[in-house]
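Going by this note's numbering, the sequence shown wraps up at 1210, each residue one higher than the last.
A short worksheet on the structure shown next.
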Amino acid sequence: MVINTATETCDNSENEILDIFRCIVFEECYEHKTYFTDKEHAVLKDILSQFRQERPNIEDICFELKSWSNELTREEVKKAILNIVPKFKEAYQVVAQ
């Protein structure tokens, strides 16, 4: 019998939310309702659309993501976003070089 720990659940949520981020940035299909309301999703899409600019400002995007996370209705998702932001920033910086 396998028992999921809180850490494993959080990691799974983070991975799935990161996948949603990737899908938004690359305009791919995905399902958001597991983690976000329609209103939260609209704001997230607006924030991440900045990656389509010629020179996106990763500092501004991360700041907006952190600020936006305070408005989320689910605490689990809020924590996952706050854990994701530094990883997201680091991954972007590696790809941008």
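Where is the CB? At the ideal position from N, CA and C, for every residue including glycine.
Since the structure is predicted, the reported quantities are computational estimates derived from the model, not experimental observations.
Query raised in the report: Secondary structure at Tyr1205, three-state DSSP: helix, strand or coil?
Result: helix
Query raised in the report: How is Asn1128 classed by DSSP in three states: helix, strand or coil?
Result: Helix at Asn1128.
Requested in this report: Please work out which residues of its chain come closer than 6 Å, Cβ to Cβ, to Ile1137, disregarding the five sequence neighbours upstream and downstream, and give them in chain order.
Outcome: Hits under 6 Å: Lys1158 and Leu1161.
Query raised in the report: Excluding sequence positions up to five away, which residues of its chain have a Cβ less than 6 Å from the Cβ of Pro1169?
Result: Gln1163
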